[in-house]
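Residue numbers (the numbering used here): 229 to 419. All C-beta atoms, glycine included, are put in the ideal place defined by N, C-alpha and C. The block underneath contains the structure these notes are about, expressed in structure tokens.
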Amino acid sequence: MRLFVGIFLEVSLREAVRRFCAALSEACPSMSAAVKWVQPENLHLTLKFLGTVSAEKLPALTEALHEAATVGAFDIALCEFNAFPSLAHPQILWIGVEEGAPYLASLAASINDRLTERGFPKETRKFAAHVTIGRVRQGYHLSGLAKAAQTLKPVKLGRQHVDAFALIESRLTPRGSLYALRENIALMPPA
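Right, here's the structure in full:
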């Protein structure tokens, strides 16, 4: 099964992201054909992508995730729009995390360490807290995206309290990814 570890966005934040995407599309008309938007119910922060994992490894995986939940609950705020590799040459459109980013980075590092101890591949890229909102379709170039993004600044989409993260299964279908919650892992309660 194809798995990742992440945090789903609450309904209010998903709606705020949906409204932002609509405003961005209006400000940059070439986006309608060029971008495949992430469905609102699939919006999430990825803490660790695992890829294909055999059923035999699930017990060790879930044990490691519970051990990694050493961070107390915290809040996040979605606030910045950008693209990988850049707004001038976008491939992945994303919203960044301002408040709470150090907690997310600490949690991602803890997850990575516990999983590496159990033989899962170590993540070598620096963690970047973000929510992917869309992908530019191959063969398209989004002229005017940087200018459109400037017209929508400042980006302040809202806050969310994070008291858990999840092991999520991703099933690829012709209509896009379908996500299924495999296990919810609670963070440490506040002291």
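Between the C-alpha atoms of residue i and residue j, what's the straight-line distance to the nearest angstrom?
i           : j           : result
residue 374 : residue 393 : 33 angstroms
residue 358 : residue 311 : 10 angstroms
residue 269 : residue 253 : 19 angstroms
residue 385 : residue 377 : 14 angstroms
residue 257 : residue 372 : 9 angstroms
residue 314 : residue 260 : 19 angstroms
residue 366 : residue 262 : 8 angstroms
residue 389 : residue 331 : 12 angstroms
residue 304 : residue 352 : 24 angstroms
Residue i bridges to which residues according to DSSP?
i           : result
residue 362 : 265 and 321
residue 389 : 303
residue 245 : Residue 245 is not bridged to any residue.
residue 407 : 398
residue 372 : DSSP lists no partner for residue 372.
residue 414 : 392
residue 239 : In the DSSP output, where bridge partners are listed per residue, residue 239 has none listed.
Assuming residue i contacts residue j under a Cβ cut-off of 8 angstroms, what Cβ separation, rounded to an integer in Å, is found between them?
i           : j           : result
residue 379 : residue 255 : 5 angstroms
residue 278 : residue 232 : 6 angstroms
residue 275 : residue 336 : 5 angstroms
residue 230 : residue 397 : 7 angstroms
residue 320 : residue 306 : Incorrect: roughly 16 angstroms between the Cβ atoms, too far for contact.
residue 416 : residue 298 : 6 angstroms
residue 273 : residue 234 : 6 angstroms
residue 296 : residue 339 : 4 angstroms
residue 391 : residue 301 : 4 angstroms
residue 309 : residue 383 : 5 angstroms
task: Please list the segments of the alpha helix (DSSP H) lying wholly inside the stretch 252-290, counting only runs of 4 or more residues, in order along the chain.
output: Counting only runs of 4 or more, we get 259-262.
Segments assigned beta strand (DSSP E), at least 3 residues, entirely inside the stretch 298-357: 302-313 and 318-325
message: Does the stretch 284-296 come into contact with the stretch 334-349, if we say contact requires no fewer than three beta-carbon pairs (one atom in each stretch) closer than 8 angstroms?
response: yes
- prompt: If we count Cβ pairs, one from each stretch, closer than 8 angstroms, do we get three or more for the stretch 360-377 versus the stretch 258-266?
  reply: Yes, since at least three Cβ pairs between the stretch 360-377 and the stretch 258-266 fall closer than 8 angstroms, the two stretches touch.
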